[in-house]
Amino acid sequence: MSKFSVLIANYNNGHFFEKCYQSLVTQTETDWEAVIVDDGSTDDSLEVIKKIIGDDPRVKINLNDQNRGIGYTKRKLIALAESEICGFLDPDDALTRHALEFVLKAHSENPEAGLVYSNFVRCDEYLNPVSVHKAKQITELDQSYYNFNAEISHFVTFKKKIYEKTSGIDPFLKIAEDKDWYMKMCETAPVKYIDEDLYLYRIHDSGISTTKNSEKALFWHWVALI
Numbered sequence: 000m001s002k003f004s005v006l007i008a009n010y011n012n013g014h015f016f017e018k019c020y021q022s023l024v025t026q027t028e029t030d031w032e033a034v035i036v037d038d039g040s041t042d043d044s045l046e047v048i049k050k051i052i053g054d055d056p057r058v059k060i061n062l063n064d065q066n067r068g069i070g071y072t073k074r075k076l077i078a079l080a081e082s083e084i085c086g087f088l089d090p091d092d093a094l095t096r097h098a099l100e101f102v103l104k105a106h107s108e109n110p111e112a113g114l115v116y117s118n119f120v121r122c123d124e125y126l127n128p129v130s131v132h133k134a135k136q137i138t139e140l141d142q143s144y145y146n147f148n149a150e151i152s153h154f155v156t157f158k159k160k161i162y163e164k165t166s167g168i169d170p171f172l173k174i175a176e177d178k179d180w181y182m183k184m185c186e187t188a189p190v191k192y193i194d195e196d197l198y199l200y201r202i203h204d205s206g207i208s209t210t211k212n213s214e215k216a217l218f219w220h221w222v223a224l225i
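Residues 0 to 225 (numbering that gives the first Met the number 0) are what the sequence shown spells out, left to right.
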């Protein structure tokens, strides 16, 4: 069993995947698996992704029988994960080089924590850094959490055994599914923020699903209010 499962939900983002994959193969922590579920892509994403990963045995590809939406797909990814520690990575985004090393260390040092999360770097469509978003430590679910999206932010990682104590990601949610299950995790176990920039978050308009566009638009609406 690998130390970490990287969970990737893809819909029409294969042409961005190379940098995502390269960010995995250059990690300082090499004991990982990547699980990809394609949610009914209508372009050549699958062919592109398969060509990029080649015969890398660490990467496993699964398909939904039709477009099921992000909630269903992420729930399926967790079920397929073989590692105790997991984290989501969008195929159009990437991790910084020490990301897996740092989050695994934080999970080891905080065995009671259900979630471990970091800061992320806002990037342009070419994944060039623009600015850094700082998350913050959540100690309780106060009113501000219910009205703002970014206290817990990428790179969000979690212990599968604690996730399984919750009702899990709602498979019927098409947007904001992360916020829903973050709350469930916060209600189940402590969470830990680490002040490191571990996730490269690409902002672009082309080739992404309506759901992802809407999700990012909602997120940046709230970030603009900081």
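C-beta atoms are modelled at their ideal positions from N, C-alpha and C, and glycine is treated no differently.
Exercise for the section: Using a threshold of 9 angstroms, state whether the C-beta atoms of residue 42 and residue 71 are closer than that. Expected result: Along the sequence shown, read from residue 1 onward, the residue named residue 42 stands at position 43. Along the sequence shown, read from residue 1 onward, the residue named residue 71 stands at position 72. Their beta carbons are not under 9 angstroms apart, which means residue 42 does not touch residue 71 by this criterion.
Exercise for the section: Please determine, among 198, 202 and 55, the residue with the shortest C-alpha to C-alpha distance to residue 96. Expected result: Here residue 96 is taken as the residue at index 97 of the sequence shown, counted from 1. Of 198, 202 and 55, the residue nearest in Cα terms is 198.
Exercise for the section: Could you tell me if residue 53 is buried or exposed, where buried requires 16 or more neighbouring beta carbons within 10 angstroms of its beta carbon? Expected result: As a first step, residue 53 is located in the sequence shown; it is residue number 54 there, counting from the start. By the C-beta density criterion, residue 53 is exposed, having fewer than 16 other C-beta atoms within 10 angstroms.
Exercise for the section: Check the DSSP bridge columns for residue 6 and list the partner residues they point to. Expected result: The residue labelled residue 6 in the question sits at position 7 within the sequence shown. Beta-bridge pairing links residue 6 to 34 and 87.
Practice task
Using only alpha-carbon positions, find the residue among 127, 163 and 166 that is nearest to residue 200.
Solution key: Taking the first residue of the sequence shown as position 1, residue 200 is located at position 201. Among 127, 163 and 166, the Cα nearest to that of residue 200 is on 127.
Problem - the stretch 87-105 contacting the stretch 21-33, beta-carbon criterion three pairs below 8 angstroms - result: Flag = yes, the stretch 87-105 and the stretch 21-33 touch.
Problem - Unbroken stretches of the beta strand (DSSP E), 3 residues or longer, contained in the stretch 19-80 - result: Those beta strand (DSSP E) runs which fall completely within the stretch 19-80 and span 3+ residues are 31-37 and 58-62.
Problem - Sequence-distant residues of its chain with Cβ nearer than 6 angstroms to residue 22 (five each side left out) - result: Position 23 of the sequence shown, counted from the first residue, corresponds to residue 22. Correct list, in chain order: 93 and 94.
Handout entry: Coil, strand or helix - residue 102 by DSSP
Key = If you number the sequence shown from 1, residue 102 lands on position 103. Assigned with DSSP and collapsed to three states, residue 102 falls in helix.
Exercise for the section: Enumerate, from N- to C-terminal direction, the unbroken alpha helix (DSSP H) stretches of 4 or more residues contained entirely within the stretch 105-171. Expected result: Here the runs fully enclosed are 142-146 and 159-162.
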